[in-house]
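K.L.:
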Ligand code: ADP
Ligand code: ZN
Ligand code: ZN
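In the numbering used here, the protein residues as written are 14 to 766.
1) Considering only DSSP beta bridges, list what residue 722 is partnered with.
2) Would the beta-carbon of residue 455 be found less than 6 Å away from any heavy atom of ligand 1?
3) Grouping DSSP H, G and I as helix and E and B as strand, with all else coil, what is residue 382?
4) Less than 7 Å between the C-beta atoms of residue 586 and residue 432, yes or no?
5) Terminal residues of the continuous alpha helix (DSSP H) containing residue 113?
6) Quick one: what's residue 44 bridged to in DSSP?
7) Considering just the uninterrupted stretch of the alpha helix (DSSP H) at residue 147, what are its terminal residues?
8) Examine ligand 2 and report whether any of its heavy atoms sits within less than 6 Å of the Cβ of residue 477.
9) State yes or no: is the C-beta of residue 494 nearer than 6 Å to some heavy atom of ligand 3?
10) Suppose you measure from the CA of residue 400 to the CA of residue 250; what does that come to, to the nearest Å?
11) With burial defined as no fewer than 16 other Cβ atoms inside 10 Å of the residue's Cβ, what is the status of residue 381: buried or exposed?
12) Out of 66, 596, 613, 617, which has the shortest C-alpha to C-alpha gap to residue 636?
13) Report yes or no: do the segment 250-264 and the segment 402-416 share at least 3 C-beta pairs separated by less than 8 Å?
14) Buried or exposed: residue 21, going by 16 or more other Cβ atoms within 10 Å of its Cβ?
15) Quick one: Cα of residue 733 to Cα of residue 362, how far?
16) Are the beta-carbon atoms of residue 285 and residue 353 separated by less than 7 Å?
17) Once you ignore the five residues that flank residue 762 on each side, which residues in its own chain have a CB closer than 7 Å to its CB?
18) My output table needs one value for residue 14: the three-state DSSP class, helix, strand or coil.
19) Cβ atoms of residue 59 and residue 34: under 7 Å apart, would you say?
20) Is the beta carbon of residue 462 sitting closer than 7 Å to the one on residue 479?
21) How big is the Cα-Cα spacing for residue 149 and residue 563?
22) Tell me whether residue 229, by its Cβ, gets closer than 6 Å to a heavy atom of ligand 1.
23) With a cut-off of 8 Å on the beta carbons, I'd call residue 146 and residue 184 a contact; round off their distance for me.
24) If you follow the beta strand (DSSP E) that residue 208 is part of, which residue opens it and which one closes it?
25) Please write down, chain order preserved, every residue whose beta carbon lies under 6 Å from a heavy atom of ligand 2.
26) On the DSSP letters alone, give me the boundaries of the alpha helix (DSSP H) that residue 614 sits inside.
27) Determine the direct distance from the alpha carbon of residue 724 to that of residue 683, and round the result to whole angstroms.
28) Strictly by DSSP, which residues pair up with residue 52?
29) On the three-state DSSP scale, how would you describe residue 177?
30) Since residue 321 and residue 333 are thought to touch, with beta carbons under 8 Å apart, how far apart are those beta carbons, to the nearest angstrom?
31) Ligand 3 and residue 498: does the residue's C-beta get closer than 6 Å to at least one heavy atom of that ligand?
32) Please determine whether the Cβ atom of residue 260 lies at a distance below 6 Å from any heavy atom of ligand 1.
33) Pull up the CB-CB distance for residue 629 and residue 422, whole angstroms please, since I reckon it's below 8 Å.
34) Using the rule of at least 16 other Cβ atoms within 10 Å of the residue's Cβ for burial, across every protein chain shown, is residue 127 buried or exposed?
35) Taking only three categories from DSSP, how would you classify residue 534?
36) Between the alpha carbons of residue 545 and residue 555, how many angstroms are there, rounded?
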């Protein structure tokens with residue numbers, strides 16, 4: 014039987030165009046689809062979202078290009094299901110940024126683009142703001158209402174604020190001013206305010222007549238010089254390291270530089286660490302400028318995040334303040350990028366696309382041809398290295414702003430002290446003295462829970478987690494044992510699981526125990542504990558910060574959440590209870606991180622008019638790092654670390670890539686990484702400056718029931734290193750592995766855990 018000529022038939026129906034789509038799958042390639050009758054190719058533009066069939070699923074992908082040819086015969090291709098955007102959602106520069114990031118981090122472009130979108134867009138919701146509720150006053154502020162509200166000062170203040178806003182205020186703005194949803198509900202029940210759904214303004218920010226809401230401060234010489242240097246650089250790409258001691262007024266430099274950018278019609282992207290982005294931070298920017306300030310962070314709802322993203326990408330916001338993911342937000346008039354606390358580890362994503370937003374910020378600055386400002390009191394060694402090599406322009410703020418003086422630092426030798434629950438008698442006396450003078454005291458302890466472990470006094474065994482190589486932490490409120498690595502929770506046992514003895518004792522101290530000890534010792538002062546457990550509720554942190562800002566004497570006790578960005582003018586004493594913990598860490602960045610943390614915590618002391626004092630409790634007062642830090646000399650501390658790193662051939666001396674593997678079955682990860690090493694050794698050829706280390710077990714080999722191994726690759730030359738890693742990734746991808754055996758590649762790893 015003669016069949017009709019297959020090729021002719023195909024030619025007749027053969028489409029002239031193929032739609033090349035990036036799809037959120039780990040596969041590092043693009044996929045071709047066909048247009049359809051309802052979605053002809055003319056309607057499809059690169060940067061638009063489409064839904065497509067993928068296996069048995071329907072996924073949202075991004076159109077990358079329209080092609081005339083495909084490697085796959087068209088009868089094997091499927092048509093797209095629908096187009097979600099009329100206009101490109103992602104502009105060229107963001108697609109290019111994502112392609113660059115995908116290549117650099119050896120990740121799939123589809124997943125990279127997908128995670129560049131806020132969740133609502135990622136799952137295919139329309140790119141429109143919709144309307145959001147705004148609050149309006151429905152009554153006059155007269156004697157009667159004042160009388161009605163005399164019992165609640167907060168409600169009265171909220172009502173006053175709303176009465177003075179003819180265009181209404183939305184819930185987020187009110188929250189930033191310290192008014193909770195509950196306050197608004199009470200006012201609404203009394204019939205004083207009402208909520209109406211309003212479409213947020215989409216006017217371009219440049220239409221705003223007077224961008225300034227309140228006057229700038231008068232800067233000191235150093236601030237002035239820094240601000241002028243960056244402002245002069247507007248319109249061209251350059252990276253600045255703004256190294257300013259804590260309290261030196263870096264934010265004021267940001268604000269005035271932003272002001273200059275706004276005057277030129279340019280948008281600014283401000284990246285802030287995870288914990289630093291509190292409503293208070295955003296308020297500082299909104300209080301200064303009339304132009305809309307958009308923000309993106311994990312405390313917002315998906316709808317609010319979409320709104321912030323759209324405001325920035327449609328130029329209705331002049332400023333976007335965001336945690337790391339904001340680096341992927343389209344900003345058509347982008348003219349300035351600021352990365353505050355550039356050393357902060359939250360800029361590095363620790364899953365999926367393991368990008369560092371600080372590093373991407375520099376790429377983005379080169380794309381947008383604009384200045385990138387990296388600000389920190391304690392810059393990372395990588396950044397310092399780049400600055401010293403002349404790649405970055407170094408700007409210094411050596412003085413604290415206003416009248417504040419640098420804090421006096423002191424090492425307290427614990428070896429000759431009477432110690433109760435980790436607090437020395439000497440420290441307790443000093444705390445008492447500061448409180449008695451009407452000041453606030455901040456105590457830093459980087460361990461939440463009651464005690465980090467429970468030991469049997471008869472047989473010496475410690476209660477461990479079944480799933481991890483880790484001790485169970487004791488919590489008292491409510492009482493239970495908790496593994497901080499896998500979240501396993503169980504009741505506190507009566508008896509030792511090994512010898513049935515009843516003599517189980519907590520060892521060490523966490524913030525809960527310190528809270529108990531401090532409350533007993535200073536019964537007339539409130540102890541405000543700030544850690545992950547006490548700030549779980551959405552508004553809890555805000556309420557605690559408010560209490561602190563009344564300025565009344567109190568003890569603030571907390572983990573590293575306290576270290577960052579906060580400005581508490583009434584804190585005169587800062588104490589670091591256990592400075593030794595981080596100094597002997599197995600991670601090569603351990604001392605750098607500890608030093609930064611100590612300097613940042615110390616920087617919370619004496620930021621107002623009153624002088625500050627810092628006490629560091631240690632059993633190793635001769636330790637060279639502590640010596641340098643206690644002299645308030647981060648620069649020399651960093652120098653000493655440079656020597657160490659050079660000696661060990663570790664970044665910033667050369668570059669690192671870490672391949673991790675984990676499996677439920679012992680032995681599998683090691684076998685995989687050994688095979689990978691063999692392959693790499695065999696194939697690296699002339700790239701002799703690339704060295705392999707491992708496989709070695711991860712510092713915590715077993716975690717969440719999985720056995721974890723590492724293979725480390727060090728290279729003097731980035732390009733060579735990337736070539737070796739690319740080969741290794743292809744090797745891993747080409748093998749069908751058992752489902753429970755996983756691997757990941759981490760370029761420029763921050764944590765070796
Ligand atoms: P940093 O971010 O460097 O730690 P901040 O920007 O938070 O410091 O500034 C610390 C304090 O100093 C803030 O209360 C700020 O308002 C104040 N400040 C900054 N610059 C000046 C200035 N030029 N004159 C007076 N006060 C200033
Ligand atoms: Zn026992
Ligand atoms: Zn565990």
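All C-beta atoms in this analysis are idealised placements derived from N, C-alpha and C, irrespective of residue type, glycine included. As the structure is a computational prediction, the values presented were derived from the model and not from experiment.
P.N.:
The structure says:
1) Residue 722 is bridged to 674, 710.
2) For ligand 1, not one heavy atom lies less than 6 Å from the Cβ of residue 455.
3) Under the three-state reduction of DSSP output, residue 382 falls in the coil class, being neither helix nor strand.
4) No, the pair does not count as a contact, with Cβ atoms beyond the cut-off.
5) Element bounds for residue 113: 105-117.
6) According to DSSP, which records beta bridges pairwise, residue 44 is partnered with 34.
7) It is not in any alpha helix (DSSP H) - residue 147 instead sits in the beta strand (DSSP E) that spans 145-150.
8) Residue 477 Cβ: outside cutoff for every heavy atom of ligand 2.
9) Exclusion of residue 494 from the 6 Å shell around ligand 3 follows from its C-beta lying no nearer than that to any non-hydrogen atom of the ligand.
10) Residue 400 and residue 250: Cα-Cα distance of roughly 15 Å.
11) Result: buried.
12) When each option's Cα is compared against that of residue 636, the closest is 596.
13) Yes: the two stretches touch, three or more of their Cβ pairs being nearer than 8 Å.
14) Residue confidence is low: residue 21 scores 36 on pLDDT, short of 50, so the model does not pin down where it sits. Its coordinate-derived value is still stated next. With a threshold of 16 other beta carbon atoms within 10 Å, residue 21 falls short and is exposed.
15) The alpha-carbon of residue 733 is positioned some 24 Å away from that of residue 362.
16) Their beta carbons are under 7 Å apart, which means residue 285 touches residue 353 by this criterion.
17) 669, 671.
18) Note that residue 14 scores a pLDDT of 37, beneath 50, so its modelled location is shaky; the value from the coordinates is reported in the next line. Note: residue 14 maps to coil in three-state DSSP.
19) No; because the gap between Cβ atoms is not below 7 Å, this pair is not in contact.
20) Contact: no.
21) Each residue's Cα considered, the two are about 28 Å apart.
22) Not so, every heavy atom of ligand 1 lies at least 6 Å from the Cβ.
23) Indeed they touch by this definition, with Cβ atoms about 7 Å apart.
24) Segment 206-211, the beta strand (DSSP E) holding residue 208.
25) Answer in sequence order: 469, 471, 472, 474, 509, 511, 512, 514.
26) Residue 614: member of the alpha helix (DSSP H) spanning 603-615, first to last residue.
27) One C-alpha to the other measures close to 9 Å.
28) BP columns for residue 52 are empty, so no partner.
29) Correct three-state label for residue 177: coil.
30) Going by Cβ atoms, the distance from residue 321 to residue 333 rounds to 7 Å, so yes, they are a contact pair.
31) A distance criterion of 6 Å places the beta-carbon of residue 498 in contact range of ligand 3, judged by its closest non-hydrogen atom.
32) True, at least one ligand heavy atom lies under 6 Å from that Cβ.
33) That belief holds up - the Cβ atoms of residue 629 and residue 422 are roughly 7 Å apart, short of 8 Å.
34) The residue in question, residue 127, is buried, as its Cβ has 16 or more Cβ neighbours within 10 Å.
35) Residue 534 falls in the helix class under three-state DSSP.
36) Taking the straight line from one Cα to the other gives about 13 Å.
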